[in-house]
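As they're listed, the protein sequences go chains S and X.
For the first sequence, my numbering puts the final residue at 264, and the numbers step up evenly by one.
For the second sequence, my numbering puts the final residue at 264, and the numbers step up evenly by one.
Glycine is no exception: its CB is placed at the ideal position from the N, C-alpha and C atoms.
Given the structure is predicted, the values throughout are model-derived calculations rather than measurements.
Number of protein chains: 2
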Amino acid sequence: MPDQSAPSRPGSQRAADSLVRQIEARIATGDLADGAPLPPERDLIEMFGVSRTVVREAVAALASRGLVESRPRFRPIVRRPGYDAALAAADGVVGHLLAQSGGVKNLYDTRIFFEASLVRQAARQARKDDIEALKRALDANEAAIPDSAAFYRTDIAFHAVLYEIPKNPVFPAIHRAFTAWLAPHWVKMPRSPERNRVNFHRHSDIYHAIRDRDPDAAEAALNAHLNAAWEYVRGTFEAI
Amino acid sequence: MPDQSAPSRPGSQRAADSLVRQIEARIATGDLADGAPLPPERDLIEMFGVSRTVVREAVAALASRGLVESRPRFRPIVRRPGYDAALAAADGVVGHLLAQSGGVKNLYDTRIFFEASLVRQAARQARKDDIEALKRALDANEAAIPDSAAFYRTDIAFHAVLYEIPKNPVFPAIHRAFTAWLAPHWVKMPRSPERNRVNFHRHSDIYHAIRDRDPDAAEAALNAHLNAAWEYVRGTFEAI
DNA sequence: TTGCTTTTTTGGTCATACCAAACGAAACCA
DNA sequence: TGGTTTCGTTTGGTATGACCAAAAAAGCAA
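Take a look at the structure:
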């Protein structure tokens with residue numbers, strides 16, 4: 025896959041690219057500590073002997089890569105990249121993809137696919153404390169049935185537990201990305217205590233299947249849950 | 025998930041951000057056709073009534089988002105974003121993640137997880153022509169056993185077919201991202217016709233399980249295949 | 001028409017200047 | 001003394017203008 029954020033195979037001759045690499049290295053080595061502000065642009069100028077134009081371009085590139093977090097009039101903050109940053113970097117493009125025909129469906133199907141595998145694996149490998157955590161999330165979800173806003177949060181939290189079971193830091197990041205990208209469409213879904221109760225029971229089915237170590241039942245329950253949910257949101261889109 | 029490439033919730037007041045949105049809109053509407061070069065910077069200046077500083081910053085931002093492809097001294101090319109672009113945007117960060125301890129392992133485990141689910145689903149839902157395509161890829165793989173370079177290509181192609189079966193355009197993009205990210209570490213793996221033959225048989229096992237509609241066998245075969253492969257590459261890393 | 005040479009265009013970089021917001025320290029008030 | 005206000009300084013955002021080198025276009029020669 026071509027890396028378009030740092031183009032030109034034949035030795036990127038842009039001064040900014042060189043600066044980006046140098047700053048990247050300093051971040052990687054901890055020379056520029058995580059959470060600390062980047063040196064002022066005018067300092068970087070003399071540090072690296074380049075013009076402010078180049079410095080600003082490099083900082084912008086770093087920001088787009090998630091290595092620094094730059095707010096309008098503030099010093100950029102150094103951010104040691106995490107898995108969330110990787111997915112956040114895709115954020116801009118994903119916005120366009122979701123706007124395209126079938127974009128939401130494609131992404132949602134991907135989520136269903138991923139999560140179905142997740143519960144299957146959970147049913148096989150979840151530890152006791154994982155199942156306990158799932159139970160706690162389920163109870164919280166049940167308690168929130170009357171309050172749709174709270175139910176939405178506990179709903180997400182319940183699914184989040186599923187992503188934590190494999191103990192792979194990539195997974196929770198994927199979950200956060202899914203929810204962040206789908207949330208804008210999701211909030212349009214009509215909600216009510218009755219609907220919440222139905223969804224809670226779906227969650228309960230998933231939980232019990234995992235607790236009972238039944239991968240097929242877990243996968244089936246999750247598919248039923250998410251496919252049903254899709255029927256409720258598809259109405260918020262124009263084309264099928 | 026915070027979108028750090030377009031920071032500052034309270035109405036991004038940067039002129040460049042505004043320009044980015046305007047150009048994004050023109051790309052989305054097709055006003056700026058896919059594959060066509062972006063207007064010269066000096067034209068954009070008068071088009072939008074901003075300075076060249078802002079224009080260049082906006083173009084850089086678009087490039088990092090994958091909406092334009094800019095090579096050093098060439099006019100940026102407009103690129104209607106696809107799923108590949110989304111993953112390519114994460115490319116820069118992923119490079120750092122892979123360099124971190126356990127980074128490759130985490131990503132590779134994610135791939136195994138994903139692909140295991142893939143073959144399971146393939147065993148259940150693959151159509152006849154899917155299976156035929158898989159067979160063709162398998163045959164090509166077998167024919168390439170003596171040539172390690174060709175075997176590597178056909179190996180990837182075989183797995184690629186798996187990602188195409190669900191007919192979700194996100195999946196092939198994920199596959200390309202996986203291979204692109206893992207390739208640098210992968211090529212270090214010692215290769216030989218003997219090893220190739222073993223891997224071919226693993227592929228053959230996967231194919232037969234899918235053809236025989238046996239999800240469990242397919243998943244088991246794939247896990248065996250990829251886990252064995254991991255043992256061969258883990259040696260190329262320092263820490264376990 | 002083909003191929004080479006010369007303009008013109010255009011992106012990359014630098015230097016400078018100004019503004020407004022953020023910062024920081026001194027001055028001030030309670 | 002402790003918190004608040006004030007004001008000069010720092011710093012990022014933007015605008016100009018200029019120069020270079022490479023690319024593209026135009027012109028010219030074979």
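| Check | Outcome |
| --- | --- |
| Same chain only: Cβ atoms within 7 Å of Y132 of chain X, ignoring 5 sequence neighbours per side | L206 and W254 |
| Proximity test, Cβ basis, 7 Å: N223 of chain S and chain X | no |
| Separation of S42 of chain X from T5 of chain S, as counted between CA atoms | Nothing in the structure corresponds to residue 5 of chain S, since chain S is present only between 25 and 264. |
| Inter-stretch contact at 8 Å, needing at least 3 Cβ pairs: the region 235-249 of chain X / the region 145-155 of chain X | yes |
| Rounded separation between I169 of chain X and F175 of chain X - CA only | 6 Å |
| Euclidean distance between Cα positions of A173 of chain X and A184 of chain X | 17 Å |
| Bounding residues of the alpha helix (DSSP H) (the contiguous stretch that carries I189 of chain X) | Note, I189 of chain X: premise wrong, no alpha helix (DSSP H); not H, not E. |
| Stretch-stretch touch, CB-based, cutoff 8 Å, three pairs: the region 99-106 of chain S with the region 37-57 of chain S | yes |
| Under the three-state DSSP convention, the category I234 of chain S falls into | helix |
| Cβ-based neighbour list, G127 of chain S, same chain, cut-off 7 Å, excluding 5 preceding and 5 following | L121 |
| Straight-line gap, I69 of chain S to R160 of chain S (C-alpha atoms, nearest Å) | 53 Å |
| At least 3 beta-carbon pairs within less than 8 Å: the region 93-102 of chain S vs the region 55-66 of chain S | yes |
| Listed by chain order, chain X residues near L68 of chain S by CB distance under 8 Å | The premise fails here: L68 of chain S is roughly 16 Å from chain X at the closest Cβ pair, so nothing lies under 8 Å. |
| C-alpha gap between E139 of chain X and Y187 of chain X, whole angstroms | 8 Å |
| Beta-bridge partners of I101 of chain S, as assigned by DSSP | S:P61 and S:E93 |
| Sequence-distant residues of its chain with Cβ nearer than 8 Å to R76 of chain S (five each side left out) | E65, R66 and I69 |
| Beta-carbon contacts of Y256 of chain X that lie in its chain and below 8 Å, excluding the five residues immediately before and after | M213, P214 and R219 |
| Contact under 7 Å by Cβ, P96 of chain S with R38 of chain X | yes |
| 7 Å Cβ cutoff met for G90 of chain S and A57 of chain S | no |
| Alpha helix (DSSP H) segment containing G119 of chain S, residue limits | D115 to A123 |
| Residues, ordered as in the chain, of the region 121-135 of chain X that lie near chain S by beta-carbon distance below 8 Å | L121, A123, N130, L131, D133 and T134 |
| Assigned secondary structure, K129 of chain S (DSSP; H/G/I helix, E/B strand, else coil) | helix |
| A40 of chain X and V83 of chain X closer than 7 Å at C-beta | no |
| Chain-ordered chain X contacts of E81 of chain S [CB-CB under 9 Å] | R80, E81 and A84 |
| Beta-carbon proximity check, V13 of chain S vs A110 of chain X, cutoff 7 Å | This structure gives no information on residue 13 of chain S, because the portion of chain S shown stretches from 25 to 264. |
| Near-chain S residues of the region 191-218 of chain X - C-beta to any C-beta below 9 Å | N192, P193, V194, F195, A197, I198, R200, A201, T203, A204 and W205 |
| Interface flag, S141 of chain S vs chain X, CB-CB below 7 Å | yes |
| Any chain S beta carbon closer than 7 Å to S42 of chain X | no |
| Neighbouring residues, chain S, relative to Y107 of chain X (Cβ below 7 Å) | L121 |
| Per-residue burial, S216 of chain X [other beta carbons within 10 Å of its own, 16 or more giving buried] | exposed |
| Buried versus exposed call for R33 of chain S [16 or more other C-beta atoms within 10 Å across all chains shown] | In this prediction, R33 of chain S has a pLDDT of 37, which is less than 50 and means its spatial position is unreliable; what the coordinates show is noted afterwards. The residue is exposed, with fewer than 16 neighbouring Cβ atoms inside 10 Å. |
| Under 8 Å (Cβ pairs) to chain X, residues found in the region 44-68 of chain S | E48 and A52 |
| Interface flag, A167 of chain S vs chain X, CB-CB below 7 Å | no |
| Contacting positions in the region 240-262 of chain X - beta carbon closer than 8 Å to chain S | none |
| Beta-carbon separation (whole angstroms), R200 of chain X vs D108 of chain X, contact threshold 8 Å | 6 Å |
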